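If you're matching positions, the sequence shown starts at 1 in the UniProt record's numbering and goes up one per residue. Worksheet: the structure to be examined is printed underneath.
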Amino acid sequence: MSVSQDVAVHRVTSGESHLAVERVARESYGRLVAIICRKTNDLAAAEDALASALLTALETWSQSGLPVDPEAWLIRVAQRKWLDETRHSQLRDRVLREVISPVLALLQEKSAMHSSEDPLQDDRLAMMFACAHPAIEPSMRTPLILQAVLGIDAGRIASAFLINPQTMSQRLVRVKNKLKVAKIPFELPPEHEWQDRLDDVLSAIYAAYGTAFDETMSGQSGTRALAREAIWLAHVVQKTLPQSAEAAGLYALLLFCEARRNARRGIDGQYVPLLEQSPELWDGGMLDEAEAILIAAFQQQAPGRFQWEAAIQSAHCARRHLTKEHSFVDWPAIAVLYEGLLSFAPSLGARVAQVGALLQANQIEQAKERFALIPREACRTYQPWWVVSAELAHRQGQNSQAHSDLMIAMGLTEDSAVKAFLARKAASLEF
1 MSVSQDVAVH RVTSGESHLA VERVARESYG RLVAIICRKT NDLAAAEDAL
51 ASALLTALET WSQSGLPVDP EAWLIRVAQR KWLDETRHSQ LRDRVLREVI
101 SPVLALLQEK SAMHSSEDPL QDDRLAMMFA CAHPAIEPSM RTPLILQAVL
151 GIDAGRIASA FLINPQTMSQ RLVRVKNKLK VAKIPFELPP EHEWQDRLDD
201 VLSAIYAAYG TAFDETMSGQ SGTRALAREA IWLAHVVQKT LPQSAEAAGL
251 YALLLFCEAR RNARRGIDGQ YVPLLEQSPE LWDGGMLDEA EAILIAAFQQ
301 QAPGRFQWEA AIQSAHCARR HLTKEHSFVD WPAIAVLYEG LLSFAPSLGA
351 RVAQVGALLQ ANQIEQAKER FALIPREACR TYQPWWVVSA ELAHRQGQNS
401 QAHSDLMIAM GLTEDSAVKA FLARKAASLE F
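Okay, structure coming up:
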């Protein structure tokens, strides 16, 4: 691509160029790194080159204007930066011959590749499976995928895994060096190896969507693109591995969650809990697709964590088929579904949520028994635990304790709308 083909569409201010760079980085980071890595086979070098190109864009776009294709511009500049680092090595001629020409050819196919119906042409898929290589420490596979493929910074990853940010950053640097030393190829492994790496890939996609969901609920902006990226990658994996019931379960789960996005906030921004959401605001087409995918997954008779979670979401969404006068949630059934989930993934969140379902089903004694089994020490900063604790206390007539628990829950969220909802809930208690 010649310089003349990369002319700017229009002049922009410094602030506008900053926003443009931010948008491209947020929406295309993983795809850009994957394209660079496809030939360099060095994740850290590819990330460094792209970071340098982004800084260059900040400095130049406000003067020269936005390029016709910002992604292509960044890829080309990143490749130049990488070449500068290797210019004095004996590999220079090989790099020019084997890397630059193929990557420029990739750029010409980039738009078609991203929208292709063939999921195997998405470079991010190859990168995800590479990051889940058996040589990588199991506990670092999901964090590595989150950063390398989805561009999530070490601080956000550390928060999700309850690890010190500096520690997480150091571990990510070490694992990237291991990728380079071990010469792990950034390409899809043989099909017989896919299943062994699939759990880590699915967990990373789920964690990415969870990060976007949590940040959206906390009032942070710029996370819609991350949610879309996670859903797209779940779809890619599901299409690539149609025989995997769990891949289908994850895709269905994300569709169920995303279909309710527009109903989670009121017109004035107030928080609307699931029970109070209007099914009319849910995306019916997305929910229909999720239901069909989930049914097909369960028919494979290979249940797993994501299928159970999707089934729970399906049960919550069932009231969309009922009238307002006869709308109800089958809480006993949801409590049983949580039992199935816990047999595969006995997480703190699932255990707390099951207690909540039992309370809603008015099965107080069972709720008390299950709640007592959850270690309190593990829940000091887990906000849902305090909300469920407050509900359990209220059901037993202990409104003073319920009020205290709700106050603690309020302190564990940064979302002003959720704080206001909990404050109203606390104010309604009589004691």
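The beta-carbon is built from N, C-alpha and C at its ideal position, and this holds for glycine as well. Quantities reported herein were computed from a predicted structural model and do not represent experimental measurements.
Query raised in the report: Looking only at DSSP bridge pairs, what is R265 linked to?
Result: Per DSSP, Y271.
Query - Unbroken alpha helix (DSSP H) run spanning S139, endpoints - result: Counting along the chain, the alpha helix (DSSP H) containing S139 begins and ends at P138 to A148.
Query - Unbroken alpha helix (DSSP H) run spanning H235, endpoints - result: R224 to T240 is the span of the alpha helix (DSSP H), which, as asked, contains H235.
Query raised in the report: Mind pulling the beta strand (DSSP E) runs of 3 or more residues that sit fully within the region 130-209?
Result: Those beta strand (DSSP E) runs which fall completely within the region 130-209 and span 3+ residues do not exist here.
**Report entry** Presumed contact (8 Å Cβ cut-off) between R156 and T211, rounded CB distance
**Finding:** Sure, about 6 Å apart at Cβ, within 8 Å.
Query raised in the report: Going by other Cβ atoms of all chains shown within 10 Å of its Cβ, with 16 needed for buried, is E59 buried or exposed?
Result: E59 should be labelled exposed.
**Report entry** S159 to P143 span [Cα, whole Å]
**Finding:** S159 and P143 have their C-alpha atoms spaced approximately 11 Å apart.
Report task. Take C317 as the anchor and find which of D288, L125 and I35 has the nearest alpha-carbon. Result -> Closest by alpha carbon: D288.
Requested in this report: Can you tell me which of W232, W194, W73 and A357 puts its alpha carbon nearest to the alpha carbon of S52?
Outcome: Distance from the Cα of S52 is smallest, within the candidate group W232, W194, W73 and A357, for W73.
Report task. Report yes or no: do three or more beta-carbon pairs, one from the region 375-394 and one from the region 342-358, lie closer than 8 Å? Result -> Result yes; three or more Cβ-Cβ pairs closer than 8 Å.
Query raised in the report: Using CA coordinates, which residue listed in E191, L412 and A296 is at the minimum distance from Y382?
Result: Across the set E191, L412 and A296, the C-alpha of L412 shows the shortest separation from the C-alpha of Y382.
Query raised in the report: Going by other Cβ atoms of all chains shown within 10 Å of its Cβ, with 16 needed for buried, is S394 buried or exposed?
Result: Note that residue 394 corresponds to His in the displayed sequence, not to Ser. Buried is the call here.
Query - Chain-order list of residues whose beta-carbon lies under 8 Å from that of L265 (same chain, five-residue window excluded) - result: Strictly speaking, residue 265 in this sequence is Arg, with Leu absent from that position. Y271, V272 and A417.
Query raised in the report: Quick one: Cα of I364 to Cα of G304, how far?
Result: Taking C-alpha positions only, I364 is separated from G304 by approximately 28 Å.
Query - Sequence-distant residues of the same chain with beta carbon closer than 8 Å to R424, five excluded per side - result: Within the same chain, R424 has no close Cβ partners at all.
Query raised in the report: My guess is that S169 and A154 are in contact by the Cβ rule of under 8 Å, so how many angstroms apart are they, rounded?
Result: Right, the Cβ-Cβ distance comes to about 4 Å (below 8 Å), so this counts as a contact.
Report task. Go ahead and pull the three-state DSSP assignment for N362. Result -> N362: coil per DSSP, three-state reduction.
Query raised in the report: Would a C-beta distance cut-off of 8 Å place A259 and A310 closer than the cut-off?
Result: The criterion of a C-beta distance shorter than 8 Å is not satisfied by A259 and A310.
Query raised in the report: With a CB to CB cut of under 6 Å and the five nearest residues on each side skipped, what residues in its chain are close to S17?
Result: Here the set comprises W61 and S62.
Query raised in the report: What three-state label does DSSP hand Y251 in the structure shown?
Result: Residue state, collapsed to three classes: helix.
Requested in this report: Within its chain, find whatever has a CB closer than 7 Å to the CB of G15; leave out the 5 residues flanking it on each side and keep chain order.
Outcome: In its chain, beyond the 5 residues on either side, no residue has a beta carbon closer than 7 Å to the beta carbon of G15.
Query - CA nearest to the CA of L337, picked from A225, A315 and K180 - result: In this structure, A315 is the residue among A225, A315 and K180 with its C-alpha nearest to the C-alpha of L337.
**Report entry** Element boundaries [alpha helix (DSSP H), containing E276]
**Finding:** Looking at the DSSP string, E276 is not in any alpha helix (DSSP H), and its letter there is neither H nor E.
Report task. Report buried or exposed for V173, applying the criterion of at least 16 other Cβ atoms within 10 angstroms of its Cβ. Result -> It is exposed - the Cβ of V173 has fewer than 16 other Cβ atoms within 10 Å.
Query - Cα-Cα separation, E229 to L150 - result: Their backbone Cα atoms lie some 8 Å apart in a straight line.
Query raised in the report: DSSP three-state call for E16: helix, strand or coil?
Result: It is helical.
Query - Residue burial classification, E109 (beta-carbon count within 10 angstroms, cutoff 16) - result: Residue placement at E109 is flagged as unreliable, the pLDDT there being 44, under the threshold of 50; a coordinate-derived value is accordingly withheld.
Query raised in the report: Do A263 and L281 have their CB atoms nearer than 8 Å?
Result: Yes, these two residues count as a Cβ contact at 8 Å.
Query raised in the report: DSSP on F431, reduced to helix/strand/coil?
Result: F431 sits in coil when the DSSP states are folded into three classes, being neither helix nor strand.
Report task. Using only alpha-carbon positions, find the residue among F421, A426 and G397 that is nearest to S404. Result -> Minimum Cα distance to S404 is reached at A426.
Query raised in the report: Residues in its own chain within less than 7 Å of E47 by CB, not counting five upstream and five downstream?
Result: V33, listed in sequence order.
Report task. Could you spell out the range, first to last residue, of the alpha helix (DSSP H) harbouring P375? Result -> DSSP places P375 in no alpha helix (DSSP H); its state is neither H nor E.
Query raised in the report: In three-state DSSP terms, what is L55?
Result: DSSP places L55 in helix when its eight states are reduced to three.
Report task. May I have the straight-line CA-CA distance separating V201 from Q195, to the nearest angstrom? Result -> Distance between the alpha carbons of V201 and Q195 is about 10 Å.
Requested in this report: Determine the closest residue to R31 out of L226, M407 and Q401, with distance taken between C-alpha atoms.
Outcome: Nearest Cα to R31 within the set L226, M407 and Q401: L226.
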